[in-house]
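Asks: Dumping the structure here so I can ask a few things about it.
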C-alpha cells in the first residue's frame, strides 16, 4: 500500500533531456513517481523548467499477529483441554528478555499454526498459574501435551532452541 507524503516541484535546468533510468531505482522504500498525464488535452502545459513529482512511501505490513493471552479463567479450557500441543510463554511487561523473545514466539506461532497452539501468560496478571508450575524466572516457555507439562525452556533462547523443542511433539 502506498501513501502520498508530499508533492514537490523540482527545477530542472535541462528539462528537454530525459533520463531513461532513475537514480533512485535501487531503493525500494521510497519512489519518485512522475505526475500522471491529465485527461484534459487542452490544458496549458507547465513551464518546461519546472517538473512536479510525488514521493511515495511503500511499506509492507510485516507485523506478526501476537498469540492470545491466557488468564486464570481460560487456562483450563485453552491449555489443559487442548487437542493440540500447546506452547505457553510466561512473561511480564517489565522484563527485558521477555521483550526480546516476543518476536520469536510470534514467528513460531505463525510457523506452527495448525500444529501447535501458542499462548502467552502475563505472570503479573495471572500469578497463580506461574506459581502452580513453579515459574521462578521469566521468560519461561513451556510445552504442554494432553494437558501435561512436557518441556520447559528458561530464558531468552535462540529460535533454533525452541524449534528443536517443538519438533519433538510433532
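Residue numbers (full-length UniProt numbering): 1 to 170.
Backbone N, C-alpha and C fix where the C-beta goes; we use that ideal spot for every residue, glycine too.
1. Report all residues from its chain with a CB closer than 6 Å to the CB of residue 80; omit the five preceding and five following residues, and keep chain order.
2. Kindly identify the DSSP beta-bridge partner or partners of residue 151.
3. Locate the alpha helix (DSSP H) running through residue 104, then write down its first and last residues.
4. How many angstroms separate the CA atom of residue 127 from the CA atom of residue 114?
5. Taking the alpha carbon of residue 92 as the reference point, which residue from 112, 74 and 130 has its own alpha carbon closest?
6. Kindly indicate which three-state DSSP category residue 130 falls into: helix, strand or coil?
7. Report the CB separation of residue 67 from residue 105 in whole angstroms; it is logged as a contact under 8 Å.
8. Assuming residue 176 contacts residue 117 under a Cβ cut-off of 8 Å, what Cβ separation, rounded to an integer in Å, is found between them?
9. For residue 96, tell me which candidate among 138, 107 and 119 has the shortest Cα-Cα distance.
10. For a quick check, are the C-beta atoms of residue 152 and residue 140 less than 8 Å apart?
11. Report the three-state DSSP secondary structure of residue 89 (helix, strand or coil).
12. In the structure shown, what three-state DSSP assignment does residue 79 receive?
13. Using beta-carbon positions only, say whether residue 108 and residue 166 come within less than 8 Å of one another.
Replies: Here's the rundown:
1. The residues are 147.
2. DSSP, once it has assigned bridges, lists 143 as partnering residue 151.
3. DSSP places residue 104 in the uninterrupted alpha helix (DSSP H) bounded by 96-111.
4. Cα to Cα, residue 127 sits roughly 28 Å from residue 114.
5. Selection 112, 74 and 130 evaluated against residue 92 yields 130 as nearest (Cα-Cα).
6. It is helical.
7. At roughly 7 Å, the Cβ-Cβ gap stays under 8 Å, so residue 67 and residue 105 are in contact.
8. Past the boundaries of the shown model lies residue 176; the chain is included only from 1 to 170, so the question cannot be answered.
9. Out of 138, 107 and 119, 138 has the C-alpha closest to the C-alpha of residue 96.
10. In this structure, residue 152 sits near residue 140, with a CB-CB distance shorter than 8 Å.
11. Three-state DSSP puts residue 89 in a strand.
12. In this structure, residue 79 counts as helix in the three-state DSSP scheme.
13. Residue 108 is a Cβ neighbour of residue 166, given a cutoff of 8 Å.
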